[in-house]
Amino acid sequence: MSEAETILLVKDLYYKPLAAAECILNGVSLELKTGDFVLLLGPSGCGKSMLIRCLNGLIPHLEEGEFQGSVVVKGKNTRENPIHEFSPTIGMVFQNPDDQILSLKVVDEVAWGVENQGLPREEIVRRVEEFLDLLEIRPLKDRLTFAISGGQKQRVSIAANLAMLQDILVLDDPTTDLDPVCKTEVVQTLAHLNRTLGKTLIVIEHDLNDLIELANRIVVMDDSGRVRFDGEPGAILAQHYEEVMSLGVNMPQHVEIAHACLEHGPSLDRYPMLKEEAFAILQAFVEKLPGLPAWSAPPKRPKGKAIVQVTDLEFAYEPGKPILRGLSFEIYQEEFVAIIGANGSGKSTLVNNLIGLLRPGAGQVVVDGHDTRKTKVSDLAKNIGYVFQNPDHQLFANTVASEVGFSFAAQGITGDEAERRTNETLEIVGLARLRDRHPFSLSRGQRQKLAVATALAHKPRIVLLDEPTTGQDRRALSGILNLMVELGRQGNTTIMVTHDMDIVAAYATRVIVMAEGKIVLDGPPEKVFYENYEELRGLNLKPPTVIEFCRRLQAHGLPRFLVTDDLIQYLERAPVAMT
Numbered sequence: 003m004s005e006a007e008t009i010l011l012v013k014d015l016y017y018k019p020l021a022a023a024e025c026i027l028n029g030v031s032l033e034l035k036t037g038d039f040v041l042l043l044g045p046s047g048c049g050k051s052m053l054i055r056c057l058n059g060l061i062p063h064l065e066e067g068e069f070q071g072s073v074v075v076k077g078k079n080t081r082e083n084p085i086h087e088f089s090p091t092i093g094m095v096f097q098n099p100d101d102q103i104l105s106l107k108v109v110d111e112v113a114w115g116v117e118n119q120g121l122p123r124e125e126i127v128r129r130v131e132e133f134l135d136l137l138e139i140r141p142l143k144d145r146l147t148f149a150i151s152g153g154q155k156q157r158v159s160i161a162a163n164l165a166m167l168q169d170i171l172v173l174d175d176p177t178t179d180l181d182p183v184c185k186t187e188v189v190q191t192l193a194h195l196n197r198t199l200g201k202t203l204i205v206i207e208h209d210l211n212d213l214i215e216l217a218n219r220i221v222v223m224d225d226s227g228r229v230r231f232d233g234e235p236g237a238i239l240a241q242h243y244e245e246v247m248s249l250g251v252n253m254p255q256h257v258e259i260a261h262a263c264l265e266h267g268p269s270l271d272r273y274p275m276l277k278e279e280a281f282a283i284l285q286a287f288v289e290k291l292p293g294l295p296a297w298s299a300p301p302k303r304p305k306g307k308a309i310v311q312v313t314d315l316e317f318a319y320e321p322g323k324p325i326l327r328g329l330s331f332e333i334y335q336e337e338f339v340a341i342i343g344a345n346g347s348g349k350s351t352l353v354n355n356l357i358g359l360l361r362p363g364a365g366q367v368v369v370d371g372h373d374t375r376k377t378k379v380s381d382l383a384k385n386i387g388y389v390f391q392n393p394d395h396q397l398f399a400n401t402v403a404s405e406v407g408f409s410f411a412a413q414g415i416t417g418d419e420a421e422r423r424t425n426e427t428l429e430i431v432g433l434a435r436l437r438d439r440h441p442f443s444l445s446r447g448q449r450q451k452l453a454v455a456t457a458l459a460h461k462p463r464i465v466l467l468d469e470p471t472t473g474q475d476r477r478a479l480s481g482i483l484n485l486m487v488e489l490g491r492q493g494n495t496t497i498m499v500t501h502d503m504d505i506v507a508a509y510a511t512r513v514i515v516m517a518e519g520k521i522v523l524d525g526p527p528e529k530v531f532y533e534n535y536e537e538l539r540g541l542n543l544k545p546p547t548v549i550e551f552c553r554r555l556q557a558h559g560l561p562r563f564l565v566t567d568d569l570i571q572y573l574e575r576a577p578v579a580m581t
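Going by our numbering, the letters in the sequence shown line up with residues 3 to 581, in that order.
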């Protein structure tokens with residue numbers, strides 16, 4: 003077999019955006035071969051998104067700044083050739099789908115790129131139909147692109163790029179806003195493009211549970227904008243597991259479990275990347291244990307007073323097309339509630355009804371004693387902090403510090419006290435060193451943290467988080483959610499909409515599952531995930547890997563664990579089984 007040719011070469015790349023005080027990219031060098039599947043990893047703000055914008059000429063042609071080094075795609079230097087010459091070779095799916103959707107209708111958006119390739123009409127129609135089906139968005143075909151959910155927009159953007167069949171496809175957090183089963187389907191699509199069609203893929207993604215099995219390389223960047231590690235995933239993790247974890251990479255659950263078991267066994271040159279490999283290691287470990295440690299479930303917390311009361315809630319954007327159908331429930335003080343469901347199930351619409359941005363078509367929503375129909379949004383907002391699904395919808399100031407400071411000014415807090423509290427808030431979310439940057443010069447993950455900071459600045463009693471995990475590395479996300487837990491101990495209530503089942507299992511005290519505008523399941527995570535496992539999969543929801551593994555090993559006496567850390571701590575207390 004002949005050696006694969008170099009399709010993309012990055013050499014000594016430095017880049018400092020116009021608004022930045024220092025370089026975001028520092029001496030990055032990469033060489034990609036035809037057919038590579040590369041995962042580009044690293045902490046939020048390390049320059050991953052900036053790097054991929056250099057690969058098709060967006061930088062330096064459209065974004066101002068200091069650019070040094072070279073990027074060569076199939077023999078063409080991006081600095082010396084115009085952007086349009088790279089579009090037949092390299093496609094890009096942005097982190098925020100709104101940044102690239104141009105057409106009013108879904109079908110036109112999927113067709114737009116193919117039409118610009120000058121293909122015959124029959125081929126355009128064939129490709130559009132193929133990728134509408136592949137991404138399961140045919141029912142959205144004639145919908146307006148601005149009237150579909152964030153997850154649906156992401157699928158449309160992916161379909162539009164896949165339809166052009168470029169040699170290289172670059173995807174920036176492509177599955178962040180997708181429900182778990184759709185996420186798996188997108189991953190399978192990427193596998194088909196890479197393994198069957200030989201496409202070269204570069205993927206930035208924080209959820210590696212499925213993708214790690216497909217990649218032949220991982221490139222890990224650090225906070226300084228440098229490449230720290232570059233190589234085969236199993237080999238990199240076998241040699242540098244703790245270092246990669248310290249950089250905030252969200253390690254796949256099955257790799258974490260295998261690592262815990264292998265701590266007691268012989269060292270390996272390569273860590274297992276396949277889930278079944280990791281399960282086999284865990285099973286062998288458990289079977290060799292002379293006895294399993296005693297385990298007891300954590301005590302249940304008593305309910306506080308009802309702080310959100312929803313009664314017979316109905317809502318529709320268009321007459322005769324209901325989105326929410328007769329919802330009734332209560333949320334209690336100090337609860338951490340996760341609202342989950344497939345894309346388009348009505349989650350964000352429900353949250354917008356809770357904050358008063360939308361008003362019930364029928365029924366009633368009472369939040370902290372206020373009927374949302376009879377209360378101004380500004381009055382509701384005094385005790386509610388809301389983080390939008392897209393942070394760009396709530397950022398407007400010229401600096402990070404003034405964005406947070408606006409909340410204090412609105413409360414009449416000025417001068418030294420406002421400055422002190424602004425600094426304190428920025429420290430909490432890890433943005434203190436970026437206080438003088440323009441919000442839109444930050445990465446998507448950093449903008450998400452800034453949105454959280456603005457929501458928490460006035461110390462609300464209720465925090466509503468709509469997909470807070472977007473673009474967040476392990477360190478940043480843990481910091482934000484641990485803060486929510488601490489606020490809960492002080493009497494606050496957190497309501498979170500998310501597709502990240504790992505986060506739901508780790509943090510939520512209660513899970514509300516929605517489907518087609520209705521509540522179909524409601525209870526503590528253990529009950530929802532274990533007792534309704536198959537039903538969840540039928541609703542396009544996939545429980546975390548640790549739950550799957552524990553279910554398969556219950557015959558061996560393994561308790562029900564919701565999060566990897568609890569399973570690992572349990573195994574660490576077990577007698578050593580593997581030598």
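Note that the Cβ used here is the ideal one computed from N, Cα and C, for glycine as well.
In whole angstroms, what separates the C-alpha of Thr566 from that of Leu41?
-> 22 Å
Assuming Phe331 contacts Val312 (C-beta within less than 8 Å), just tell me the rounded distance between them.
-> 5 Å
Other residues of its chain near Cys56: CB distance less than 6 Å, five sequence neighbours each side excluded = Val73
What's the gap between the Cα of Gly306 and the Cα of Gln335?
-> 5 Å
For the beta strand (DSSP E) that Leu68 lies in, which residues bound it at each end?
-> In the sequence under discussion, the amino acid at residue 68 is Glu, which differs from the Leu named in the question. Its beta strand (DSSP E) spans residues 67-75.
Straight-line CA distance for Phe148 to Leu106?
-> In this structure, the straight-line span from the alpha carbon of Phe148 to that of Leu106 is close to 7 Å.
Which word fits Glu278, buried or exposed, when buried means at least 16 other C-beta atoms lie within 10 angstroms of its C-beta?
-> Counting other Cβ atoms within 10 Å of its Cβ, Glu278 stays below 16 and is therefore classed as exposed.
Cβ pair Phe281, Phe551 closer than 8 Å = yes
Using DSSP with H/G/I as helix, E/B as strand and the rest coil, what is Asp568?
-> The three-state reading of DSSP puts Asp568 in helix, counting H, G and I together.
Residue from Leu523, Met247, Lys185, Ser31 with nearest C-alpha to Arg228 | For Arg228, the closest of Leu523, Met247, Lys185, Ser31 by C-alpha to C-alpha distance is Ser31.
Go ahead and pull the three-state DSSP assignment for Glu320.
-> Here Glu320 sits in strand by DSSP.
Which of helix, strand or coil does DSSP assign to His440?
-> coil
Hey, out of Ile505, His558, Ala165, whose CA is closest to Thr91's CA?
-> In terms of CA proximity to Thr91, Ala165 leads the group Ile505, His558, Ala165.
Three-pair Cβ contact test at 8 Å for the region 135-151 versus the region 438-453 | no
Beta strand (DSSP E) runs wholly inside the region 12-59, at least 3 long, in chain order | 27-35, 39-43
Which same chain residues, not among the five before or five after Val130, have their C-beta less than 8 Å away from its C-beta?
-> Val109, Val112, Ala113, Val116, Ala165
Using the beta-carbon count (16 or more within 10 Å), is Glu258 buried or exposed?
-> buried
So Leu239 is in the beta strand (DSSP E); what residue range does that whole segment cover?
-> Counting along the chain, Leu239 falls outside any beta strand (DSSP E), though it belongs to the alpha helix (DSSP H) covering 235-248.
Decide if Thr581 is buried, meaning its Cβ has at least 16 other Cβ atoms within 10 Å, or exposed.
-> Unreliable positioning characterises Thr581 in this predicted model, as indicated by a pLDDT of 42, which lies under 50. The coordinate reading is nonetheless provided below. Exposed, by the Cβ-count rule.
Residues bridged to Lys201 by DSSP?
-> Lys201 pairs with nothing; no bridge assigned.
Bridge partners - Thr496, DSSP secondary structure assignment | Phe338, Val465
Rounded to a whole number of angstroms, what is the C-alpha to C-alpha distance between Asp232 and Asp100?
-> 31 Å
Excluding the 5 residues preceding and the 5 following Leu216 in the sequence, name in chain order all residues of the same chain whose CB lies nearer than 6 Å to its CB.
-> Phe39, Ala193
For Leu543 and Val246, the rounded distance between their alpha carbons | 29 Å
Specify, as a first and last residue, the run of the alpha helix (DSSP H) that Leu428 falls within.
-> 417-431
Presumed contact (8 Å Cβ cut-off) between Leu382 and Leu352, rounded CB distance = Going by Cβ atoms, the distance from Leu382 to Leu352 rounds to 15 Å, so no, they are not a contact pair.
Sorted by chain position, which residues of the same chain lie with C-beta nearer than 6 Å to Ala508's C-beta, five sequence neighbours on each side aside?
-> Val565
Leu360: which of Gly348, Asp370, Gly371 sits nearest, CA to CA?
-> Gly348
Three-state class that DSSP yields for Ile505 in the structure shown = helix
Kindly list the residues whose CB is nearer than 6 Å to the CB of His208, restricted to its own chain and excluding five residues on each side of it in sequence; keep chain order.
-> Asn252
CA-to-CA distance, Asn163 to Tyr535, given in whole angstroms = 34 Å
What is the DSSP secondary structure of Ala411, counted as helix, strand or coil?
-> helix
Asp418 versus Ala411: straight-line alpha-carbon distance, rounded | Distance between the alpha carbons of Asp418 and Ala411: 12 Å.
For Ala262, I'd like the list of residues in its chain whose CB is within less than 6 Å of its CB, leaving aside the five on either flank, ordered along the chain.
-> Ile570, Leu573
Can you list, in chain order, the residues of its chain whose CB lies under 6 Å from that of Arg145, leaving out five sequence neighbours each side?
-> Val108
In angstroms, rounded to a whole number, what distance separates the CA positions of Ala478 and Ser46?
-> 8 Å
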